[in-house]
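Down below is the structure, laid out as structure tokens.
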């Protein structure tokens, strides 16, 4: 029995024309997440226990005798831990008195979980030589698990040492964590559909999420939210960055804030905006999704930090040991931060201390927070030494780690630095985002010439990239749109980007989007144009789901979401990026669910092998068909204006033909003899009539034909 759209009922169906019933969000949290212990409750005066500090565990570790603090720095001459009370006043300062293997440590008695602290460091202040030590700068522990507030920019955070003021009132305080959770076991189930979402953008306007839960990780535990993912068939949620971040330097003057989180400062700490009651909120959420058979992976940014360039704020690692944590290059006797990321600095992933920081924080999110894997932003930085090395030690450590090797690992295989494009080079342990898929599929549906060969290669799994060293189509993550670019709706509604709201006179963001507007730039009431746009979106989604490789959709693309032409909405923590749940296209949601169910039902479509076209047991796994009914020949492939392609797939007893027609008129396609039926089609309002050994394909559509089941 074939899956049809009419058999699926979306939990969002009420959103078309009526309000969804209100439901208390995150009910599981009541009594589960105690509020953070906000104050330093002192039974007696904190005291340094001389010489008792331990170096085995970095950060703040609760022991039977107090709290052990340990910090790595090769260049500091002194490091202090500073304790703060509930009024944000510094009440004690202790120098870390143990110094071994570049780690400074101290044991402070009479304090425990809930104590607020920061660090200060002294050493050379020589900016031209890459040293920025200044005890006036309060620093966040790189291993801090919990922060008491968000990062906020201030010019005082970057004053030179001889002009500096105490920055403690401006900097978040770390909070000593309590007891650890029972270590979670990664849920390593091979993903079949990734769903990329921004926690704030996804939940700020959801009608079942109430009051202060909006914009938080806890909001994702709402039943209506979970049911939405289950209805579509999502099995892997990819959260955009959750580590505590800071705004880029130019945003405050524009009245804007970072909405995406790709500017982290503290890698271990979940941003307080997303988890106001601490990291336990993430563990409750991942446990909830694990029960729903959905994995949660995090988008992590181990390529730079929000401390920026040499004029940036001194917040953490830049004040503790910049040349350990960041890459520098010497020019004319002066040392400059390397900017392979386009953000002002680049993490030094070939240094053992940075490698330890990365591994320790990844394992923390798996074992303590319950995540099942990671998507690595600008992942080539992990292998820079200084060019990209696929066998770099950082990558080897991730692949060989006994915990991380069991996780879902996904690379964004490029960065802006020299030689930074490395698609296909991350090995069988990693899946990789496939930007060639995005560009070629967009190009086909836009009407680019000589497009059939590229279409065939992409829907077949991009073998030219991934068919090496035992890799499979599933190593490629196929996407049509992600956070950095147009939404799928905007892709067919705007010929050009419209980023004026970003305050950069529309200079930011990509200009080459392979987009089209169906006749009018932007929103329109013209029913014909609206219908054409939705028809194109449905055709592209069908292409995505019927391609070998693993599909990814970004938040709201299944609902027909718009960002009004903004293709770089990183600074729009507002209605531009917040999903408009009141205007969801429920029919499109059901259609996406039907595509996913249909894909799963047909092994000929989703089987994880590269198509060869060769006979196997008398059956060819693929035959490429010309609409005239013949097999495609060299002349057909080289026809610059060719716009229709048939893909005849067979795997064991399963047999389907997928027709791609990008023409604006119907096309009569000849099909093999025998009985055929329409399994699913992208234009559900169009007829697909059969006549003898032909079928008429609607304009701008994807049609899948199936052999009816015997009997």
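Numbering (my numbering), first residue to last: 19 to 729. Glycine residues also receive a C-beta, built at the ideal position from the N, C-alpha and C atoms.
- Between the alpha carbons of residue 234 and residue 715 lies a gap of roughly 45 Å.
- Scanning 641, 621 and 624 for the CA closest to the CA of residue 630 turns up 641.
- Just so you know, the alpha carbons of residue 727 and residue 671 end up roughly 10 Å apart.
- Between residue 311 and residue 245 the beta-carbon gap is near 13 Å, outside 8 Å, which marks them as no contact.
- Residue 508 and residue 389 have their C-alpha atoms some 32 Å from each other.
- When secondary structure is reduced to three states using DSSP, residue 373 falls in the helix class.
- The beta carbon of residue 187 sits closer than 7 Å to those of 106, all from its chain and outside the five residues before and after it, given in chain order.
- With a beta-carbon spacing of about 5 Å, residue 479 and residue 628 fall inside the 8 Å limit used to define contacts.
- Annotation: residue 67 is outside any alpha helix (DSSP H); the continuous beta strand (DSSP E) that includes it extends over 65-67.
- Residue nearest to residue 621 within the set 592, 674 and 239 is 674 (criterion: CA-CA distance).
- Annotation for residue 309: the continuous alpha helix (DSSP H) segment containing it runs 298-309.
- Pairing residue 710 with residue 485, the inter-Cα distance amounts to about 39 Å.
- The Cβ atoms of residue 531 and residue 503 lie closer than 8 Å to each other.
- Taking the Cβ atoms as the reference, residue 677 lies roughly 7 Å from residue 720, within the contact range of under 8 Å.
- Excluding residues up to 5 positions away in sequence, 497 and 498 lie with their Cβ nearer than 7 Å to the Cβ of residue 456 in the same chain.
- For residue 453, no beta strand (DSSP E) run applies; the uninterrupted alpha helix (DSSP H) run containing it begins and ends at 453-464, by DSSP.
- Residue 349 sits exposed, since fewer than 16 C-beta atoms from the chains shown fall within 10 Å of its C-beta.
- DSSP, reduced to helix, strand and coil, places residue 239 within a helical segment of the structure shown.
- Among the bridge pairs identified by DSSP, residue 254 is matched with 212 and 313.
- The shortest C-alpha to C-alpha distance from residue 258 to any of 571, 657, 184 and 242 is the one to 571.
- For residue 688, the uninterrupted beta strand (DSSP E) segment begins and ends at 685-688.
- Membership of residue 90 in the beta strand (DSSP E) is indicated by the continuous run 84-90.
- Excluding five sequence positions before and after residue 347, the CB atoms of its chain that fall closer than 6 Å to its own CB belong to 354 and 356, given in chain order.
- Beta-bridge pairing by DSSP links residue 174 to no other residue.
- According to the DSSP assignment, residue 279 belongs to no beta strand (DSSP E), since it is labelled neither H nor E.
- The way I'd put it, the segment 283-299 does touch the segment 152-162; three or more beta-carbon pairs between them come closer than 8 Å.
- In its chain, beyond the 5 residues on either side, 714 and 716 have a beta carbon closer than 8 Å to the beta carbon of residue 705.
- Beta-bridge analysis with DSSP links residue 569 to 496.
- With fewer than 16 neighbouring CB atoms inside 10 Å of its own CB, residue 528 falls in the exposed class.
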